[in-house]
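Undergrad: To convert, note that position 248 of the sequence shown is 247 in numbering that gives the first Met the number 0; the numbers rise steadily by one, no gaps.
Positions of the beta carbon are idealized from the N, C-alpha and C atoms, including for glycine.
Structure in structure tokens, see below.
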Amino acid sequence: MAVFLAVVEEGDFSAAARRLRMTPSAVSKIIGRLESRLGVRLLQRSTRRISLTAEGSTYADSARRILNDIKEAEIAVQPGAEPRGRLRVSLPSAFGHRLIVPMLPAFIDRYPAVELELMFTDAIVDLLAEATDVAVRVAAHSDSRLVVRRLAPNRRVICASPRYLERHGMPTTPDDLQGHICLGVTARGGLNVWEFDGPNGLQSMRIRSPIEANSTEALRRLALAGIGIIRMSEILVGPDIKAGRLAALLTGYNHPDGAPICAVYPPGRILSPRVRVFVDFLAEQFANPPWLHGAP
């Protein structure tokens, strides 16, 4: 497997042989024996280049995972082994920038051998397809292939700026929102259904918004500018409410529960030490949530 992957990565038998300190003929023989044992062609050979067949691509993906598991297993049993290597982390844009990033200097100081690669997106990333080690999500989880570790509850609040309320008035019941400008989330219909606890139980209202964005940070900034009303995680707007930049609305009706904040990662017989320490670090940080102390 290691020889095969070296050929794939170098794109050439001779280059792979130099990297492995073998002869090109020895590399060629190993690949030949591998293909013969599997009964399929893994590589398409020509005078100019080597490319993967469909079977070769599938085998390469599996070989990478297997060799990585072997490496992680060896690291895991070494006494006092320090977590190391590159850790690819997917983060929601606004949540990641405002809350996770300020936590990371402490993680970097604690685990200097771990190399972080941060990817910010509000899309749900396929961790297996994108070779991502761990994701932090504020959303419901439907992918049964992943391990989910709950970090903290997620309360949602409805709020607007004092400037908006001066111009448009204060809604006193959920039905009043029909006459207000509510800011919606593009292509995330579930987040545009606002839930309330009323006298007759749970009430759901799908908002009709003239302004939508696929970024929660953009919606927060629009709300701060007095453009409209938002329903957003307390972790994002809590500091604004505490500072008076936003005012909580319909507190007697608000149904606060949302999808919890979770860390998710692909399963494996051996959990990578760098994934383990990162998830443990997040759990430690969320045990004392920074937004309760006026995080900026």
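Which value, in whole angstroms, describes the spacing of the CA atoms of R205 and G183?
TA: Rounded to whole angstroms, R205 to G183 spans 10 Å at the Cα level.
Undergrad: For a test of the three-state rule: what should DSSP assign to G95, helix, strand or coil?
TA: In the structure shown, G95 sits in a helix (DSSP, three-state: H, G or I).
Undergrad: Does G237 come out as helix, strand or coil in the three-state DSSP assignment?
TA: DSSP places G237 in helix when its eight states are reduced to three.
Undergrad: Please state whether DSSP places E129 in a helix, a strand or coil.
TA: E129: coil per DSSP, three-state reduction.
Undergrad: Taking just the CA atoms, how far does A72 sit from V39?
TA: Answer to the nearest angstrom: the Cα atoms are 30 Å apart.
Undergrad: From the DSSP output, read off the bridge partner residues of F119.
TA: For F119, which the question treats as bridged, DSSP gives the partners L90.
Undergrad: Assuming I180 and L248 are in contact, meaning their beta carbons sit under 8 Å apart, how far apart are those beta carbons, in whole angstroms?
TA: The Cβ separation is near 13 Å, so there is no contact.
Undergrad: Does the Cβ-Cβ distance between A258 and A159 come in under 9 Å?
TA: The answer is no: Cβ separation not under 9 Å.
Undergrad: Give every residue of the same chain whose Cβ lies closer than 6 Å to the Cβ of R195, excluding the five residues on either side of it in the sequence, and list them in chain order.
TA: Checking the sequence, you will find Phe at residue 195 rather than Arg. Excluding positions up to five away in sequence, the list reads P173, Q202, Y252 and H254.
Undergrad: Mind checking which residues open and close the beta strand (DSSP E) that includes E194?
TA: Per DSSP, E194 belongs to the beta strand (DSSP E) from V192 to G197.
Undergrad: Which residues bound the alpha helix (DSSP H) around M231?
TA: No alpha helix (DSSP H) contains M231, which is instead part of the beta strand (DSSP E) from I229 to S232.
Undergrad: What are the complete alpha helix (DSSP H) segments, minimum 4 residues, inside the region 136-177?
TA: The qualifying runs are 161-167.
Undergrad: Give me the DSSP bridge partner(s) of A262.
TA: Partner(s): V135 and R148.
Undergrad: Would DSSP call F204 helix, strand or coil?
TA: Looking at the sequence itself, residue 204 is Met, so the reference to Phe does not match. DSSP places M204 in strand when its eight states are reduced to three.
Undergrad: In the DSSP assignment, the alpha helix (DSSP H) including R36 goes from what residue to what residue?
TA: Run containing R36: P23 to L37, per the alpha helix (DSSP H) assignment.
Undergrad: With burial defined as no fewer than 16 other Cβ atoms inside 10 Å of the residue's Cβ, what is the status of M169: buried or exposed?
TA: Label assigned to M169: exposed.
Undergrad: Looking at C-beta atoms only, is the number of pairs between the region 52-63 and the region 81-101 that lie closer than 8 Å three or more?
TA: With the cut-off at 8 Å, the region 52-63 and the region 81-101 do not touch.
Undergrad: What is the DSSP secondary structure of G293, reduced to helix, strand or coil?
TA: Bear in mind that a pLDDT of 43 at G293, under 50, signals an unreliable position, so the model cannot answer this.
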